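In UniProt numbering, the protein residues as written are 1 to 148.
Next comes the structure, spelled out in structure tokens:
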């Protein structure tokens, strides 16, 4: 078979006209623009989720700081009260009882404040994870629609 026969035997490849090429390019550009818009909206959603999580964390930090200050204030007040009571003790046994009562109150106070701090931290962690988890779900949905 000659070269001319080989070329003639190959399937005919249609070359698009200029109008067809422009239309195809316009469709591709429109598809790309839609994809970029979707990506931009998704990125904005990510930024919004991170801001929401950051705001939750900042609020929780403020609440924990306030709780720590309350504990410090309460501890100082309790210590001053205990010192006054100890100096007014009538006997070593009375002083020992007052010291034991002070230790009990201090322990209960510290436990109460620790519980409150734990509640603040857990609530904040749950609230901060929520917007991020929603974005992860959105990423899964976006990936699914992108495959179609």
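Glycine is no exception: its CB is placed at the ideal position from the N, C-alpha and C atoms. As the structure is a computational prediction, the values presented were derived from the model and not from experiment.
Pick from the options that is closest to residue i, judged by C-alpha positions
i           : options          : result
residue 126 : 30, 104, 55, 106 : 55
residue 45  : 143, 139, 144    : 139
residue 82  : 61, 104, 70, 17  : 104
residue 122 : 57, 100, 28      : 57
residue 70  : 43, 113, 84      : 113
residue 109 : 31, 2, 30, 77    : 77
residue 102 : 80, 90, 119      : 80
residue 74  : 91, 62, 107      : 107
residue 134 : 50, 36, 35       : 50
residue 145 : 62, 35, 92       : 35
Bounding residues of the alpha helix (DSSP H) (the contiguous stretch that carries residue i)
i          : result
residue 64 : 18-87
Same chain, Cβ closer than 8 Å to residue i, five either side skipped, listed in chain order
i           : result
residue 117 : 64, 67, 68
residue 48  : 131
residue 142 : 38, 42
Cβ shell of residue i (< 6 Å), same chain only, five flanking positions each side left out
i          : result
residue 86 : 95, 98
residue 60 : 120, 124
Nonlocal neighbours in the same chain, by C-beta distance under 7 Å from residue i, ignoring five residues either side
i          : result
residue 52 : 131
residue 89 : 95, 98
residue 9  : none
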